[in-house]
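Only one structure is covered here, and it is reproduced in the block below.
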Amino acid sequence: MQTTQCPICSSDIIIDEESSEKDLVNCLNCGAELEIVTLQPLQLNPLQQESGEEDDNN
Ligand SMILES: [Zn+2]
Numbered sequence: 002m003q004t005t006q007c008p009i010c011s012s013d014i015i016i017d018e019e020s021s022e023k024d025l026v027n028c029l030n031c032g033a034e035l036e037i038v039t040l041q042p043l044q045l046n047p048l049q050q051e052s053g054e055e056d057d058n059n
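In terms of the numbering used here, the sequence shown opens at residue 2 and continues consecutively.
Spelled out as C-alpha cells, the structure:
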C-alpha cells in the first residue's frame, strides 16, 4: 500500500497494492475521482466532472 496526495485538496490518498494504471480512486476528503496515470512514480490525474475546463488538448 502506498499513499499520495490529492492533486486537488492535498489530503492523503491510499493507493491499494492491487491498483494498476488507469484505475480510478476517490479522494475521501473532497470526493474527486482520480485516475492513476502511472504507478512509478505515482501520478494521479483528476477526472473532470461537470466543469468544462480543458487544459491539455486543443
Ligand atoms: Zn481531494
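Yeah, the Cβ is synthetic: ideal placement off N, Cα and C, and Gly gets one too. Bear in mind the structure is a predicted one, so any value in this text is a computation, not a measurement.
Buried or exposed for residue i, please, with buried defined as at least 16 other CB atoms from any protein chain shown within 10 angstroms of its CB.
i          : result
residue 14 : buried
Given a cut-off of 7 Å, decide if residue j and residue i are closer than it, judged by their beta-carbon atoms.
i          : j          : result
residue 35 : residue 47 : yes
residue 40 : residue 18 : no
Go through its chain and collect everything with a Cβ distance to residue i's Cβ below 8 Å, but skip five positions before and after it.
i          : result
residue 45 : 5, 7, 8, 14, 26, 35, 36, 37 and 38
residue 12 : 6, 28, 29, 30 and 31
residue 20 : 26, 37 and 40
If you drop the 5 nearest sequence neighbours on each side, which residues of the same chain put their C-beta closer than 6 Å to that of residue i?
i          : result
residue 33 : 9 and 47
Cutting at 7 Å between CB atoms, please list the residues of its own chain near residue i, excluding the five before and the five after it.
i          : result
residue 43 : 3, 5 and 16
residue 24 : 37
residue 49 : none
Item checked: Environment of ligand 1 in chain order, Cβ to heavy atom below 6 Å -> 7, 9, 10, 12, 28, 30, 31 and 33
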